[in-house]
Amino acid sequence: MENTETVPVVRTVAALRQIVKEWKALGHRVGLVPTMGALHHGHLSLVDEIAEACDKIIVSIFVNPAQFGAHEDLSKYPRQELEDRKKLKSTKTDLVFAPEVGEMYPDSFETVVSVPKLGRDYEGVHRPGHFEGVATVVSKLIIQSYADTAIFGEKDYQQLAVIKKFVKDLDIPCEILGGTLIRESDGLAASSRNVYLSPEDRKTAGSFNKILKKLIKGAEAGGNLRALEKTATESLLDAGFTKVDYVAIVDKDTLIPIDKVNGEARVISVARFGNTRLLDNMAINPDKPD
Ligand code: PAF
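If you number the sequence shown the way the numbering used here does, the last residue is 274 and the count never jumps.
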């Protein structure tokens, strides 16, 4: 009997394509929201955003082993598919695609999609091989689903830039949207990894966005960008973060560090509690109206 409490799921590319072909025959525009599950309100808002541009929506749930390093949290990454499919019932999601690892990476699989320059710094330094894993799986998901549009949260700003780049370079006929970064009530960026934080760390984590906001004020007022990055790093450590992987003021498209803010730029940052890495980023825009 059909389960009316959850969004239906398919687990094979053949079953996914069969459904999508029927939608396309009816002239529907298909949207894809790739996720690794453990859905929070940030993911649900991606569904709401893509619903404005698409008639049918697929959410993929796949914890992609190829994007985890040897010492990362692949085995303990939260997996709660049934709960996720129940949450999606309150959204406009039509179908969940939740393949097994063997469906995505059969034994004979060997192709890698790489964006070497844009993926080299920041996350590329701290998570070697990560963006190759992301680019490869996202290419597959887009091709498997024939998606017209796909959306990725702006929280993972470098990931979004890497995805836009290979989609453009490879002429993949899919529009890529950046989804609004969703924050908790204290300003911490919503993330599936926030569940790893102890109650004490969770309190400190709220200071992250406040420290970045201060940096932005300084940058928009014409302050020295390297000095602002250094002050923000020190403030994060003073607040109780155990390590700061980077705070960088960069060009919003190339992610190359800039010396002067001319028009819109971006601050991207990762601060840690132990092995838990929290990502944040914000626009710097001296020309915006008050
Ligand atoms: O951002 C994520 O959750 C993942 O990197 C993605 C895009 C679903 C690819 O596995």
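All C-beta atoms in this analysis are idealised placements derived from N, C-alpha and C, irrespective of residue type, glycine included.
Considering only heavy atoms of the ligand PAF, does any lie closer than 7 Å to the CB of M20?
For this step, residue 20 is matched to residue 36 along the sequence shown. Correct: M20 has its Cβ closer than 7 Å to the ligand PAF.
Would you call the CB atoms of S219 and I195 closer than 8 Å?
Locating residue 219 in the sequence shown gives position 235, counting from the first residue. Locating residue 195 in the sequence shown gives position 211, counting from the first residue. Yes. Within cutoff.
Start and end of the alpha helix (DSSP H) containing S29?
Working through the sequence shown from its first residue, we reach residue 29 at position 45. Residues H25 to A35.
What residue range is occupied by the uninterrupted beta strand (DSSP E) comprising N283?
As shown, the chain starts at -15 and ends at 274. That puts residue 283 outside it, with no answer to give.
D140: beta carbon under 7 Å from a heavy atom of the ligand PAF?
What you label residue 140 is simply residue 156 of the sequence shown in a count that begins at 1. At least one heavy atom of the ligand PAF is nearer than 7 Å to the Cβ of D140, so yes.
Local Cβ density within 10 Å of F81, reported as buried at 16 or more and exposed below that
Taking the sequence shown and counting its residues from 1, one reaches residue 81 at position 97. Label assigned to F81: buried.
Look up Y230 in the DSSP assignment and say whether it is helix, strand or coil.
The count along the sequence shown starts at 1 and reaches residue 230 at position 246. In the structure shown, Y230 sits in a strand (DSSP, three-state: E or B).
Counterpart residues of S44 in DSSP-defined beta bridges:
Start at 1 with the first residue of the sequence shown, and residue 44 comes out as number 60. BP columns for S44 point to P18 and F81.
Does the contact criterion of 3 or more C-beta pairs under 8 Å hold for the stretch 17 to 29 versus the stretch 149 to 158?
no
Under 7 Å from any heavy atom of the ligand PAF, does the C-beta of Y48 make it?
Numbered from its first residue, the sequence shown carries residue 48 at position 64. Per the sequence shown, residue 48 should be read as Asn rather than Tyr. Of the heavy atoms belonging to the ligand PAF, at least one sits nearer than 7 Å to the Cβ of N48.
Can you name, in chain order, every residue of its own chain whose Cβ lies under 8 Å from the Cβ of R256, other than the five neighbours on each side?
Translated into the one-based positions of the sequence shown, residue 256 becomes position 272. Within the same chain, F225, T226, K227, V228, D229 and L262 come within 8 Å of R256 by CB-CB distance, once the 5 residues on both sides are set aside.
Quick check: T133 and L161, are their CB atoms within less than 8 Å of each other?
Counting from 1 along the sequence shown, the entry for residue 133 is found at position 149. Counting from 1 along the sequence shown, the entry for residue 161 is found at position 177. Taking a C-beta distance under 8 Å as the contact criterion, T133 and L161 qualify as a contact pair.
Quick check: the stretch 69 to 85 against the stretch 107 to 122, are at least 3 beta-carbon pairs closer than 8 Å?
Because the criterion of three Cβ pairs below 8 Å is not met, the stretch 107 to 122 and the stretch 69 to 85 do not touch.
Among the candidates F150, N208, N193 and G137, whose CA atom is the shortest distance from the CA of V31?
For this step, residue 31 is matched to residue 47 along the sequence shown. Nearest of F150, N208, N193 and G137 to V31, Cα basis: G137.
Is V136 a contact residue of the ligand PAF, with contact defined as CB to any heavy atom under 7 Å?
As a position in the sequence shown, residue 136 is number 152, starting the count at 1. The residue you asked about is not Val; residue 136 is Phe in the sequence shown. Yes, the beta carbon of F136 sits closer than 7 Å to at least one heavy atom of the ligand PAF.
Could you check if V247 is buried or exposed, using at least 16 other CB atoms within 10 Å of its CB as the buried criterion?
By one-based count along the sequence shown, residue 247 stands at place 263. Residue identity differs from the one stated: residue 247 is Gly in this sequence, not Val. Exposed, by the Cβ-count rule.
How is the beta strand (DSSP E) around S253 delimited, first residue to last?
The residue you call residue 253 lines up with position 269 of the sequence shown. Segment A249 to F257, the beta strand (DSSP E) holding S253.
With a threshold of 7 Å (Cβ to nearest heavy atom), would Q143 be considered close to the ligand PAF?
By 1-based counting over the sequence shown, the position of residue 143 is 159. Yes - the ligand PAF has a heavy atom lying nearer than 7 Å to the Cβ of Q143.
Distance between G258 and A189 (C-alpha atoms, nearest Å)
Locating residue 189 in the sequence shown gives position 205, where the first residue counts as 1. Locating residue 258 in the sequence shown gives position 274, where the first residue counts as 1. About 13 Å.
S129, buried or exposed, once every other Cβ within 10 Å from all chains shown has been counted against 16:
On the sequence shown, position 145 is the one that residue 129 refers to. S129 is buried by the Cβ-count criterion.
Give every residue of the same chain whose Cβ lies closer than 7 Å to the Cβ of V43, excluding the five residues on either side of it in the sequence, and list them in chain order.
For the purposes of this step, residue 43 is identified with residue 59 of the sequence shown, where counting begins at 1. Taken in chain order, the residues that qualify are V17, T19, V31, L72, T77 and V80.
Would the C-beta of V151 count as close to the ligand PAF, meaning under 7 Å from any of its heavy atoms?
The residue labelled residue 151 in the question sits at position 167 within the sequence shown. For the ligand PAF, not one heavy atom lies less than 7 Å from the Cβ of V151.
What are the residues that DSSP puts in a beta bridge with G162?
Here residue 162 refers to the residue found at position 178 of the sequence shown. DSSP output for G162 lists F136 as bridge partner(s).
At a cut-off of 7 Å, is V122 close to the ligand PAF when judged by its beta-carbon and the heavy atoms of the ligand?
Residue numbering aside, residue 122 sits at position 138 when the sequence shown is read from its first letter. V122 Cβ: within cutoff of the ligand PAF.
Spatial neighbours of D237 within its chain, please: CB distance less than 8 Å, with the 5 preceding and 5 following residues excluded, ordered by chain position.
Numbered from 1 along the sequence shown, position 253 holds the residue referred to as residue 237. So the qualifying residues of the chain are A145.
Based on Cα-Cα distance, which residue from I166, K214 and E159 lies nearest to N265?
Residue numbering aside, residue 265 sits at position 281 when the sequence shown is read from its first letter. Selected option, being the one with the closest Cα: I166.
Would the beta-carbon of T(-4) fall within 8 Å of that of P83?
Against the sequence shown, residue -4 aligns to sequence position 12. Against the sequence shown, residue 83 aligns to sequence position 99. Yes, Cβ-Cβ distance for T(-4) and P83 is below 8 Å.
I want to check one thing, is the minimum distance from the CB of V118 to the heavy atoms of the ligand PAF below 7 Å?
What you label residue 118 is simply residue 134 of the sequence shown in a count that begins at 1. At least one heavy atom of the ligand PAF is nearer than 7 Å to the Cβ of V118, so yes.
When DSSP builds the beta bridges, which residues end up paired with D155?
Residue mapping note: residue 155 aligns to position 171 of the sequence shown, counting from 1. Answer is none; D155 lacks a bridge partner.
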